[in-house]
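Visitor: Quick one: structure below, then a few questions.
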Amino acid sequence: VPSKVKRKSTDQAFELGKYLQSKGAVMYGAYWCPHCSHQKEILGREAFALIHYTECASKGFQSNAAMCLQQKVDGFPTWKIGNKVRSGEMPLVELAKWSGYRGKIEEELEGDVSMSGMSGSCR
């Protein structure tokens, strides 16, 4: 069973989550990946609940490893919106920019979960 997202979403994270949902964004991840866990915490509970998440670890809860192979996912987390694909953990401001979100993201409102300039992925 995957770990629960502990952090409550900020209003701006929730708005970004709604936008990502409207665009059909998919986050591919693995239950054992700390970057995936942190990406979920960056979004927060309410925003992450809106995201289509695909578990790629074959032993993960509701795994869809075949879909991950088909999509050529080679690192976690990997985000996909339409034909756009990007691997690696992203702070909200970076995720918003990459996705084409036009709303304002104020990084200082995200508190200690923000990680400007940091990224990483699991392989």
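Mapped onto our numbering, the consecutive letters of the sequence shown carry residue numbers 127 to 249. Note that the Cβ used here is the ideal one computed from N, Cα and C, for glycine as well.
1) Given the structure, does residue 235 come close to the ligand ZN, in the sense that its CB is under 7 angstroms from one of the ligand's heavy atoms?
2) Residue 208 to residue 195, Cα distance in whole Å?
3) In the DSSP assignment, find the unbroken alpha helix (DSSP H) run with residue 143 in it and report its ends.
4) Is it buried or exposed for residue 236, if we count other Cβ within 10 angstroms and need 16 for buried?
5) Please give the ranges of any alpha helix (DSSP H) in the region 149 to 201, keeping only runs that are unbroken, at least 4 residues long and fully inside the region.
6) When we look at the beta-carbon of residue 187 and count the other beta-carbons within 10 Å, is it buried (16 or more) or exposed?
Guide: With the structure as the only source:
1) With respect to the ligand ZN, the structure shown offers nothing to examine, as it has no ligands at all.
2) 17 angstroms
3) 137 to 148
4) buried
5) 160 to 169, 171 to 174, 191 to 196
6) exposed
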